[in-house]
Amino acid sequence: MVKALNLALLQEMERDPDVLILGEDVGVDGGVFRVTDDLQRKFGSQRVIDSPLAEAAIIGTAVGMALYGLKPVCEIQFSGFAFQCFHQIENHAARYRMRSQGRFHCQMVIRMPYGGGVRALEHHTESEEQFYAHVPGLKMVIPSGPRTARALLTSAIRDPDPVIFFESKALYHAAKEEIPEESESFPIGRAQVVREGRDLTLVAYGAMLRVAREAADVLQAEDGVETDVVDLLTIAPLDRETIVTSVGKTGRAVVIHEAPKSFGPGAEIAASIMEGTFLHLEAPVRRVTAHDVSFVGFAREKANVPDVARVVAAARETLAF
Amino acid sequence: MVKALNLALLQEMERDPDVLILGEDVGVDGGVFRVTDDLQRKFGSQRVIDSPLAEAAIIGTAVGMALYGLKPVCEIQFSGFAFQCFHQIENHAARYRMRSQGRFHCQMVIRMPYGGGVRALEHHTESEEQFYAHVPGLKMVIPSGPRTARALLTSAIRDPDPVIFFESKALYHAAKEEIPEESESFPIGRAQVVREGRDLTLVAYGAMLRVAREAADVLQAEDGVETDVVDLLTIAPLDRETIVTSVGKTGRAVVIHEAPKSFGPGAEIAASIMEGTFLHLEAPVRRVTAHDVSFVGFAREKANVPDVARVVAAARETLAF
Amino acid sequence: MPRLILEPRFHVEYLSILDSEGNLDASLEPKLPPGDLKALYRAMVLGRRLDERMVRLQRQGRIGTFAPIKGQEASQMGSVFALRPTDWMVPSFRETAAMIWRGWPIEKILLFFAGYVEGGQPAPDQHDLPITIPVGTQLPHAVGLAYAAQYRGDDAVVMAYFGDGATSEGDFHEALNFAGVWHVPVVFICQNNQWAISVPLKKQTHSKTIAQKALAYGLPGIQVDGNDVLAVYVAAREAVERAHAGEGPTLIECVTYRLGVHTTADDPTKYRAQEEVAAWEQKDPLTRFRAHLEKKDLLEDGVEQRVDEEIAEAVRRFEATPPADPLAVFDHVYAEMPPHLRAQREDLARWLREGAAPGPAATPTPPGATPMRGQRLTRR
Amino acid sequence: MPRLILEPRFHVEYLSILDSEGNLDASLEPKLPPGDLKALYRAMVLGRRLDERMVRLQRQGRIGTFAPIKGQEASQMGSVFALRPTDWMVPSFRETAAMIWRGWPIEKILLFFAGYVEGGQPAPDQHDLPITIPVGTQLPHAVGLAYAAQYRGDDAVVMAYFGDGATSEGDFHEALNFAGVWHVPVVFICQNNQWAISVPLKKQTHSKTIAQKALAYGLPGIQVDGNDVLAVYVAAREAVERAHAGEGPTLIECVTYRLGVHTTADDPTKYRAQEEVAAWEQKDPLTRFRAHLEKKDLLEDGVEQRVDEEIAEAVRRFEATPPADPLAVFDHVYAEMPPHLRAQREDLARWLREGAAPGPAATPTPPGATPMRGQRLTRR
Ligand SMILES: Cc1ncc(C[n+]2csc(CCOP(=O)(O)OP(=O)(O)O)c2C)c(N)n1
Ligand SMILES: Cc1ncc(C[n+]2csc(CCOP(=O)(O)OP(=O)(O)O)c2C)c(N)n1
Ligand SMILES: [Mg+2]
Ligand SMILES: [Mg+2]
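Residue numbers (the numbering used here), protein chains in the order written: chain A, 86 to 406; chain B, 86 to 406; chain C, 252 to 631; chain D, 252 to 631.
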């Protein structure tokens, strides 16, 4: 997935001189995950900027650049360090269009690695999408593999609104996929049904999509259950239509995410399903998520994050309801 | 409500020399809303500290004080400026107990005025409880009037965990209520059923409780509908038992809050109701909330925030479902 | 080798040209044409008179909380006067005089403080950011604008305003540090008015001056008499010229005083002595500059009346503003309205249209209606 | 009056006692008893050897990402040595040597980097905060601790560590500003190792030194040769004594160098020249101090072996740690477990107990198991 993201950045920078990159270690080092590798050599240090170590100023200066008409793509080194700039995101990036009644807007992307699975330290494994999803004016995108990553990063860069773009660390190297040479984009705000079935809907995104797909395989093989798998791709604005259409058909849903359960994204998805298709619901929407605990350490991470077995078990309970 | 809060602070400071107050303008000025009025004169400027203008350092130094064993009560002047310190809250206040495996913890309260209704500028009218409710390790409390404010602030100060304490600006002067002389506390994590009925459950908190109660009056008077009104008081940890018991009885619920709808607190409440009492639900849980828009300006505020008429209309639709 | 003193050593300059006794250092006096001096004076008077008018409007409940500038007219006008229209101006929330100079219509400012989002919209050709409420957060925006101008090869300087209290915020620090590393054309104007609401400078920072904070970023910093419009102008002009010449950012500390309330929700008698205010009233920037112009025989008759008429006109236009259309709240959340907002908008429209027990939701208060004693209700 | 230079003027001192050529300024040499000198040396050797061992453990997949201290032993040990046990130590994430000196068992440090939350638990009587990962955020905690000590009337000083990169963060600024205003007993130790991952100091700030940043807060700031353990000690001791005496905070910049990788996930050949590293290797703090002790005839035989044995013992204890009990994740979220966590805990317990297709969820990797090439997987 790292290469796919790098390709999207490269092609958008070639296409549009207003696109620039800003963040800690994004230049000479090419980013600690190498997503921006080689871009500074190609585009110069004025366009791929190794910033000082200050997240609020990275976002704050990017807001200024965007107000001027540039299209900064910021990297926050890990999503766990983005609360340092949350005020700049919520107070300004998300609001400048409203505040200036359209005179200004912030066409900017804020990329950050999120999630667990790489035996990392505190603040390097969390899944904070909910905090952005709840902020009006932001878009919140999480691709599930190389191809969607490349297509959605392209769309995010072209999107006139600020986009928070989460990249799963677990997928950076694990996920492999052919991607076309030619630039490809995918509409933000649209979910994808990546597997069709009539018995149950699984809703997932990011690294959890793989878990959902494998659970669907198990359910098919062991229980003969046919599953719709919805890859959200955009968390906010949420594509309620696709979700509700699916659950309207299947009558049962399990939502999966790495974020803690309470007041998490699964709650909105469940509530939206209830609002959208109450009379077709055969069972309560189940949430398979991380527990409501703080940092657990990677020695215990696997017990905390959803896996195939837990999803299968939840699906079976939902089917048996 | 201002006096009630002031009384809780006064009595807890008299009771416990480890309690101190920290924030912008909390001392000489007594707070911009006068909640800490006269306390610096009584307890001195070492215990009621007029801090420099820096929210992250207010919370960060309070974390340090709490690690030492003091019990700081911080004031953030308006909840709209708390994202400046969100990293200190999420990275540290909420996690020190886990990180140090119980060797340290942060017994601290973070008070902030929230919500609209006072013809105020941008960042002075928002309702950000969801951001705190989703963070494991934090407690999130919102009283609905003078008496609950005093009792819950007392509990919050005595609570060994960090408590985010939202105070409705609309209630500061509007709400009047007799409160007992003697110190009074109310358990955090417990909701209150403040009106009983069997037809419908209204769930609300903070300034919206009054709206819920008045809507219940209208429903009773005009429709003969009997309503359970649940005053949440604690948003997180959510008292699912009280909510679910009520809806298990009534079969119908409307949730009301000032925060934007999508990925908001109402989603968790709705999802928890579905999980807890799916088979007793006669209608989808309705959410009456602010729209998913950024700052609207006080000239348009009333069109954005729930009012009695909108709640009544939503209740009628729920009852007719 | 031991206990070496590192070179270079540091110092901070202080600039004053026309002091409160009316003494003028002619050797430093900027050679401003009479028209400019008159324009400066008029803008300062406008700032002062508008202030007074707005406080009254607030007391009548016709606008909401508002932050007066009284006493800071020289700091604002002396600095903003050094900008070209193609330069950028980044205000905090207390730069009414400078904003009007930059082309903001007075009625927009009134609309802003009456709770209309329309009041935050700069004209399409205006190089100005709208008011920023969260203290200090606008400073990285200024640095980003300057970076962008440099990146595009545009010859534009950015001037950013903030108060003494703002220097305590992390954003101030990060912005000045980025500006130093990036060597961008920004002029940071600190209006050190001695108070951040009730907190005096000595509780705000242990540094003796704000200007010396520039040393932390390797930037030039200068302290000026902020009630001396000539000194402020000279320092600002130099900084702006250096910035245009590619010589990077500057921090200017204008030593001034907030003569009035912090905002209309504030009661300064709680925290400061009347004697202190009285002492600063002796240093009033308007009186001083007026006497200077008088000496130069540049004082025109009737400036005050003409300014008052301009204000009255603007207030009339403001009061003629139609009631705010609630549906507009959905317009500028995103470039394109997503489905959930379209749905919410339709709901609200139906609600407003069908008039079914709309209650207060559907009847937003037009400005001027339901006057209320704003002060207590707004902040207390 | 005009263009006055404000008093006081400022400067920053530089302190060096034992330079890399082995020259000693005897007039500045601290009068440390031989036992102290030996203890200092041993602690520095321990830091160095443990580093090497931990890098190997990481490469074998037995611990996760880890930040080595090689080259910074003098900065750490010279400073922490000036503390009493009742003083407080606030680390960032690169103070292994100083942490061990303060009483952290080596196996706890290994546990920490093996992903066990147990590794972050200080002993009940230890006045130390655990490692803080987010850069600079620990600095306000240090100020708060110092305030609390002062409030309680305890005679305790707080020493806080951070890197050159951390000085760009807003939290650094706010913490130093609060410390100045509150006049609390904190010693800020900046280990300026020239790099923040791939970002060199000159891209981090335009100020010539870190020490001069103290001027922004009205604090004393001093730059010391951070590879000279004697100079670091003298500066730290002075600052600690001043703090104990109620004379407030100090900023100490230790000029040093990170000889190794930023963390085990880092590849420094991408961003810095081997010659630069080689030049700094000539200034190795260990070599220099060793030669000094040799001259004083204080070098004991077998220090390295004894240190290695201590490390080997600790590694053995670490590897004997039982697998992490997943249910412990619920224990320290709140003082009392709320109902929803009790329910989640019961769910997980049932899941683990009933073994129903538990999959990887129920079988957390014990340390030492499933060795993997940590580097790529951990950060790339
Ligand atoms: C981040 C933030 N915190 C708190 C406030 C509330 N507040 C508004 S103005 C002010 C004081 C500002 O002082 P200063 O920077 O000196 O500017 P002045 O008001 O004196 O012009 C405060 C605390 C705010 N607007 N933003
Ligand atoms: C707030 C935050 N942002 C980013 C990071 C990622 N990160 C870890 S260490 C580091 C560089 C730190 O540099 P410096 O302060 O000089 O300390 P050093 O690593 O050199 O000891 C970065 C960017 C982090 N841990 N915290
Ligand atoms: Mg001020
Ligand atoms: Mg460093």
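In this text, a Cβ means the ideal position worked out from N, Cα and C, and glycines have one as well. These figures come from a predicted structure and were not determined experimentally.
Which residue marks the beginning of the alpha helix (DSSP H) containing Tyr484(C), and which one marks its end?
First-last of the alpha helix (DSSP H) with Tyr484(C): Val480 to His495.
Residue ranges of each beta strand (DSSP E) run of no fewer than 3 residues wholly in the segment 416-476 of chain D, ordered along the chain?
Within the segment 416-476 of chain D, the complete beta strand (DSSP E) runs of at least 3 residues are 437-443 and 472-476.
Would you mind working out which of Ile268(C), Asn274(C), Leu549(C) and Leu288(C) sits nearest Glu280(C), comparing C-alpha positions?
Ranking the options by Cα distance to Glu280(C), first place goes to Ile268(C).
By Cβ distance, which residues of its chain are closer than 7 Å to Gln125(B), with the 5 residues on each side in sequence left out?
Excluding residues within five positions, the ones whose Cβ falls inside 7 Å are Gly112, Val113 and Val133.
Assign Ser130(A) to one of two classes, buried (16 or more other C-beta atoms within 10 Å of its C-beta) or exposed (fewer than that).
So Ser130(A) counts as exposed.
When burial is assigned at 16 or more other CB atoms within 10 Å of the CB, is Gln311(C) buried or exposed?
Result: exposed.
Does Gly610(D) get closer than 7 Å to chain A when you measure Cβ to Cβ?
Legend: pLDDT at Gly610(D) = 31, less than 50; position of this residue unreliable, no value from coordinates given.
Can you check whether the CB of Pro369(B) is closer than 7 Å to the CB of Phe363(A)?
Result yes, Cβ atoms of Phe363(A) and Pro369(B) sit closer than 7 Å.
Is the separation between the beta-carbon of Glu262(B) and that of Arg232(B) shorter than 7 Å?
Their beta carbons are under 7 Å apart, which means Glu262(B) touches Arg232(B) by this criterion.
List the endpoints of the continuous beta strand (DSSP E) containing Asp287(C).
Where Asp287(C) is concerned, there is no enclosing beta strand (DSSP E), although the alpha helix (DSSP H) it sits in stretches over Pro285 to Arg310.
Under the rule that 16 or more other beta-carbon atoms within 10 Å means buried, what is Arg100(B), buried or exposed?
Arg100(B) comes out exposed.
If you draw a straight line from the alpha carbon of Gly371(C) to that of Ile360(C), how long is it in whole angstroms?
The straight-line gap from Cα to Cα measures roughly 8 Å.
Assign Gln525(D) to buried or exposed, taking buried as 16 or more other Cβ atoms, counted over all protein chains shown, within 10 Å of its Cβ.
Under this definition Gln525(D) is an exposed residue.
Grab me the residues of Val296(B)'s own chain with a C-beta within less than 7 Å of its C-beta, minus the 5 sequence neighbours each way, in chain order.
Only Ala289, Ile341, Pro391, Asp392, Val393 and Val396 meet the Cβ criterion.
Over the uninterrupted beta strand (DSSP E) stretch that includes Gly108(A), give me the two end residues.
Here the beta strand (DSSP E) through Gly108(A) covers Val104 to Gly108.
Quick check on Gln556(C): buried or exposed, where buried means 16 or more other Cβ atoms within 10 Å of its Cβ?
Classification for Gln556(C): exposed.
Quick one: what's got a C-beta closer than 8 Å to Val329(B)'s C-beta in the same chain, skipping five residues either side?
The residues are Ser357, Ile358, Gly361 and Thr362.
Using a 10 Å radius around the Cβ and a threshold of 16 neighbouring Cβ atoms, would you call Glu420(C) buried or exposed?
Per the 10 Å Cβ criterion, buried.
I need the straight-line Cα distance from Ala426(C) to Gly165(B), nearest angstrom please.
Roughly 21 Å separates the two Cα atoms.
If you run the structure through DSSP and keep just helix, strand and coil, what is Gln277(B)?
Strand at Gln277(B).
Going by DSSP in three states, Glu264(D) sits in which element: helix, strand or coil?
If DSSP states are grouped into helix, strand and coil, Glu264(D) belongs with the strands.
Checking the sheet assignment: what are the DSSP bridge partners for Ser326(C)?
Answer is none; Ser326(C) lacks a bridge partner.
Who are the neighbours of Asn389(A) on chain B, taking C-beta pairs under 9 Å?
What Asn389(A) touches in chain B: nothing, since even the nearest Cβ is about 11 Å away.
For Tyr265(D), return the contacting residues in chain C, with the cut-off set at a CB-CB distance below 7 Å.
Neighbours of Tyr265(D) on chain C, chain order: Leu255 and Leu257.
Taking Cβ-Cβ distances shorter than 7 Å, what residues in chain F pair up with Phe166(B)?
In the structure shown, chain F cannot be found, because the protein chains are A, B, C and D.
Opposite Trp339(D) in the DSSP bridges: which residues?
In the DSSP output, where bridge partners are listed per residue, Trp339(D) has Val409(D).
Between Val331(C), Pro319(C) and Ala365(C), which has its C-alpha nearest Cys505(C)'s C-alpha?
Out of Val331(C), Pro319(C) and Ala365(C), Val331(C) has the C-alpha closest to the C-alpha of Cys505(C).
Cβ of Gly416(D) versus every heavy atom of ligand 4: is any distance shorter than 6 Å?
Yes.
Taking Glu324(C) as the reference, give the member of Leu592(C), Trp602(C), Gly511(C) and Glu587(C) with the closest Cα.
Of the listed residues, the one whose Cα sits closest to Glu324(C) is Gly511(C).
Suppose contacts are defined by Cβ-Cβ distances below 7 Å. Is Thr388(C) in contact with Asp422(C) by that definition?
A contact, by the Cβ cut-off of 7 Å.
Let me confirm a value: Gly154(B) is counted as buried when at least 16 other C-beta atoms fall within 10 Å, else exposed. Which label applies?
So Gly154(B) ends up on the exposed side.
Is Trp446(D) near ligand 4, with its Cβ less than 6 Å from a heavy atom?
Trp446(D) Cβ: within cutoff of ligand 4.
Excluding the 5 residues preceding and the 5 following Ile382(D) in the sequence, name in chain order all residues of the same chain whose CB lies nearer than 7 Å to its CB.
Cβ within range, chain order: Pro342, Phe344, Phe363 and Gly371.
Taking only beta carbons into account, state which residues of the segment 434-467 of chain D come closer than 9 Å to chain C, listed in chain order.
So the list reads His434, Lys453, Lys454, Gln455, Thr456, His457, Ser458, Lys459, Thr460, Ala462, Gln463, Lys464, Ala465, Leu466 and Ala467, given in the order they occur along the chain.
Check whether the segment 265-284 of chain A and the segment 308-322 of chain A touch, using three or more Cβ-Cβ pairs below 8 Å as the test.
With a cut-off of 8 Å, the segment 308-322 of chain A and the segment 265-284 of chain A count as touching, because enough Cβ pairs lie within range.
With the cut-off set at 7 Å, would you say Ala467(C) and Ala467(D) are in Cβ contact?
In contact: Ala467(C) and Ala467(D) (Cβ atoms closer than 7 Å).
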